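J.: Quick one: structure below, then a few questions.
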């Protein structure tokens, strides 16, 4: 009998549906359109950060500065508006500042040779200080009402942040699956040295993934401030960073690089957002909530470690290596990024 | 004479800091009168042996604050500096960035500098006890602000605390509960939720007092507490989820200013303005209007000024109270919260 090959994300999607079922049984208030909307809206910030984080993880790196980047870009957007810039220009400018922070991370990681963990940890300190320096810990009121549309508006009854996530996910997925850059990202995560030897520009790929992560965090910062309608210097410095990494990893994006999909990362976000939402809806004590989330993340990372171990010994690893050399052939035919 | 903190106290504080980190208690809102109430409230005067620096033309006061990322401490610092200038003190302000070990080294520096007195807003009550013991054994008078220090424990270890001063946290919760009952009716059916910080002893005091005041009405019940981590974005998320899980809920108590901001947005997001009333500790730059029906506030700049004035009195030989609980002012719909009032 022919075995049906399930996609690698089947497990996390399965877990997501099981959690939906459990919470629906526990509370009649969980499985409602209103709660679905709230769940997706609340998950949108984590989803945006997780998408950027997934790119970095795929190259074998990690970006610890994303939460602080959310705080920084949110305050920058509010400050830009206070200084008289129109709301749309302030939003774009703030998101680009996020990308700039990420690009600087990437440049330091590649050219100075410091591990991503250290560089982005330092960047986290820098980025979280900037809002404090600008605001002296006070909040900044948003004076342009149109800005609220980004975080509170709807298109065809769908919240704008959810639409932004959908667009970002679609674009990311196309980029990873259908472009040479996407192939380079996977190749770098699979084996950075081999990628370099095969002519892939590790510098440009590294800078790109960190800049992309910064851009996604920047957009998340703009969305967060727009939802609150106030620039608050500590927005985004809570569990968002932790949850975004966890969501990507639980969704099958390997902490060791080279493995994972956008679909998986989004599934991970859905799972974590559902659990986080469901526990409040069914009134689980907040003392227990971090324990539950922590165990789920631990399970996901343990599974990832086991899988990574298996893959190095399995035929799929051999396929990856073969695929990698195929990539090299294609890369050599096209200009390196 | 210069004294340093003994090694065993440092080890104990390091262990305490580790425990604090593990229990996720690094929030700025940890700071307030959390120690057991002191029994001795008799006034005290400066005995002989004040530090030599107190006789200087401009005595030095060491000021230990937990952080400056919370507007609360920014205001407090302003109050301290204003009062110090007025009373002729030089202040050495040290910010611990919510790190107990950093605060420990800052306390050590105050001892090395042989300051006249220390204004101690410790990161936590227990480490604060150790700091107070070290300082007082070095002959430096300790004035605890916000985070009350257990005077009996300090005295048992051979030290002393001159004064505990801070907001009446429980009083603020009680006032909020009474305000809700006044608005809705003493026997109205009330299903309430708390947007709190369950890992934080200070906000727990506020929550417990609110619950006790509200539940004097037999038809009132607090059914859920959610954790907002003193962040408005988190407060918005958890409040929305709590409201969805409890369709009967008609009162919310948010125990910090950022909590009020987020809870208010969640109520509006779910279009429950006509059904749910919000009470809490005052939010920065937020109008008190439906559904935000009232708030109580703290005045950190006032606590800073009062404490510096108390230090002045003490070193001048005047009696000071061992404990001062400053009442929390209450504000209703239509009233404007002064800019120095913070939730």
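Protein chains in written order, with our numbering: chain G, 234 to 570; chain W, 714 to 1056. Virtual Cβ for every residue (Gly too), placed ideally from N, Cα, C. Since we're looking at a predicted model, the values are computed, not measured.
Determine the DSSP secondary structure at residue 425 of chain G, reduced to helix, strand or coil.
T.: Three-state DSSP puts residue 425 of chain G in a helix.
J.: Excluding the 5 residues preceding and the 5 following residue 497 of chain G in the sequence, name in chain order all residues of the same chain whose CB lies nearer than 7 Å to its CB.
T.: Closer than 7 Å at Cβ, skipping near neighbours: 241, 242, 245, 484, 485 and 486.
J.: Please report how far the alpha carbon of residue 381 of chain G lies from the alpha carbon of residue 396 of chain G, in whole angstroms.
T.: Using only the alpha carbons, I get a separation of about 15 Å.
J.: Quick check for students: name the residue ranges of the alpha helix (DSSP H) that lie wholly in the segment 467-503 of chain G, counting only runs of 4 or more.
T.: Those alpha helix (DSSP H) runs which fall completely within the segment 467-503 of chain G and span 4+ residues are 473-483.
J.: Nearest chain G C-beta to residue 918 of chain W closer than 8 Å, yes or no?
T.: Not one chain G Cβ lies under 8 Å of residue 918 of chain W.
J.: In its own chain, which residues sit with a C-beta less than 8 Å from the C-beta of residue 730 of chain W, not counting the 5 before and 5 after it?
T.: Unreliable placement is indicated for residue 730 of chain W, whose pLDDT of 36 sits below 50; the coordinate value is still reported in the next sentence. Cβ neighbours of residue 730 of chain W beyond the five flanking positions: 812, 813, 814 and 840.
J.: So the alpha helix (DSSP H) residue 456 of chain G belongs to, where does it begin and stop?
T.: From DSSP, the alpha helix (DSSP H) with residue 456 of chain G extends over 435-461.
J.: Just grab the DSSP bridge partners of residue 1009 of chain W for me.
T.: Residue 1009 of chain W is bridged to W/994 and W/1043.
J.: Which whole-angstrom value describes the C-beta separation of residue 883 of chain W and residue 903 of chain W, a residue pair presumed to lie in contact below a C-beta threshold of 8 Å?
T.: 20 Å between Cβ atoms; not a contact.
J.: For residue 370 of chain G, go through chain W and note every residue whose CB falls closer than 9 Å to its CB, in chain order.
T.: Correct list: 780, 781, 782, 783, 784, 785, 786 and 787.
J.: Identify which residue in W/1045, W/991, W/912 and W/935 has its Cα closest to the Cα of residue 523 of chain G.
T.: Looking at the Cα atoms, W/912 is the closest of the given residues.
J.: When you check each C-beta in the segment 917-943 of chain W against every C-beta of chain G, which residues fall closer than 7 Å?
T.: For the segment 917-943 of chain W, which is checked against every Cβ of chain G, the residues closer than 7 Å are 937, 938, 939, 940 and 942.
J.: Any idea what DSSP makes of residue 920 of chain W, helix, strand or coil?
T.: Residue 920 of chain W falls in the helix class under three-state DSSP.
J.: Compare the C-alpha of residue 766 of chain W against each of W/1028, W/1056, W/791 and W/991 and name the closest.
T.: Here the closest residue by C-alpha is W/1028.
J.: Mind checking if residue 1066 of chain W is an interface residue toward chain G, Cβ cutoff 8 Å exclusive?
T.: This structure cannot settle anything about residue 1066 of chain W, because the visible part of chain W is limited to 714 through 1056.
J.: Could you list which residues in chain W have their beta carbon closer than 7 Å to that of residue 365 of chain G, in chain order?
T.: Ordered by position in chain W, the residues that pass the 7 Å Cβ test against residue 365 of chain G are 782.
J.: So does the segment 299-312 of chain G actually touch the segment 452-463 of chain G, counting three or more Cβ pairs closer than 8 Å?
T.: Yes: at least three Cβ pairs fall under 8 Å.
J.: Name the chain G residues whose beta carbon is nearer than 7 Å to that of residue 958 of chain W?
T.: Chain G residues near residue 958 of chain W: 260, 262, 513, 514, 515 and 516.
J.: Quick one: grab the DSSP three-state call for residue 377 of chain G.
T.: In the structure shown, residue 377 of chain G sits in coil (DSSP, three-state: anything other than H, G, I, E or B).
J.: Taking a contact to mean a Cβ-Cβ separation below 8 Å, would you say residue 842 of chain W touches residue 908 of chain W in this structure?
T.: No, they are not a contact pair.
J.: Between residue 858 of chain W and residue 878 of chain W, how many whole angstroms is the CB-CB distance? I'm expecting something under 8 Å.
T.: Yes, they are in contact, since the Cβ atoms of residue 858 of chain W and residue 878 of chain W sit about 5 Å apart, within 8 Å.
J.: Could you check the C-alpha separation between residue 975 of chain W and residue 440 of chain G for me, to the nearest Å?
T.: Cα to Cα, the separation comes out at about 36 Å.
J.: Does the Cβ of residue 799 of chain W have 16 or more other Cβ atoms within 10 Å, making it buried, or fewer, making it exposed?
T.: It is exposed - the Cβ of residue 799 of chain W has fewer than 16 other Cβ atoms within 10 Å.
J.: Quick one: which residues of the segment 451-469 of chain G get their C-beta closer than 8 Å to a C-beta of chain W? List them in chain order.
T.: Listed in sequence order: 457, 460, 461, 462, 463, 465, 466, 467, 468 and 469.
J.: Consider the Cβ of residue 376 of chain G: report whether some Cβ of chain W lies at a distance smaller than 8 Å.
T.: No, its Cβ sits nowhere closer than 8 Å to a Cβ of chain W.
J.: Is the CB-CB distance between residue 383 of chain G and residue 308 of chain G below 8 Å?
T.: For residue 383 of chain G and residue 308 of chain G, no; Cβs fall outside 8 Å.
J.: Are the C-beta of residue 1008 of chain W and some C-beta of chain G separated by less than 8 Å?
T.: So no, residue 1008 of chain W is outside the interface.
J.: Expressed to the nearest angstrom, what Euclidean distance is found between the alpha-carbon atoms of residue 426 of chain G and residue 365 of chain G?
T.: When rounded, the distance between both Cα atoms is 40 Å.
J.: So, for residue 252 of chain G: in the same chain, excluding its five sequence neighbours on each side, which residues have a beta-carbon less than 8 Å away from its beta-carbon?
T.: For residue 252 of chain G, where only same-chain residues beyond five positions count, the Cβ hits under 8 Å are 504, 507, 508 and 511.
J.: Any Cβ of chain W within less than 8 Å of the Cβ of residue 271 of chain G?
T.: It does: the Cβ of residue 271 of chain G has a partner Cβ on chain W nearer than 8 Å.
J.: When the distance is taken between beta carbons, is residue 978 of chain W closer than 8 Å to residue 956 of chain W?
T.: Their beta carbons are not under 8 Å apart, which means residue 956 of chain W does not touch residue 978 of chain W by this criterion.
J.: Just verifying my parser: in three-state terms, what is the DSSP assignment at residue 824 of chain W?
T.: Note: residue 824 of chain W maps to helix in three-state DSSP.
J.: Closest Cβ-Cβ distance between residue 476 of chain G and chain A: below 8 Å?
T.: Given the protein chain composition of this structure (G and W), no chain A is represented.
J.: Quick one: grab the DSSP three-state call for residue 941 of chain W.
T.: If DSSP states are grouped into helix, strand and coil, residue 941 of chain W belongs with coil.
J.: Within 8 Å (strictly less), CB to CB, does residue 863 of chain W reach chain G?
T.: Closer than 8 Å: no.
J.: Tell me which residues of the segment 953-987 of chain W have at least one Cβ-Cβ distance to chain G shorter than 8 Å, keeping chain order.
T.: Cβ contacts with chain G come from 953, 954, 955, 957, 958, 959, 960, 971, 974, 975, 978, 982 and 983.
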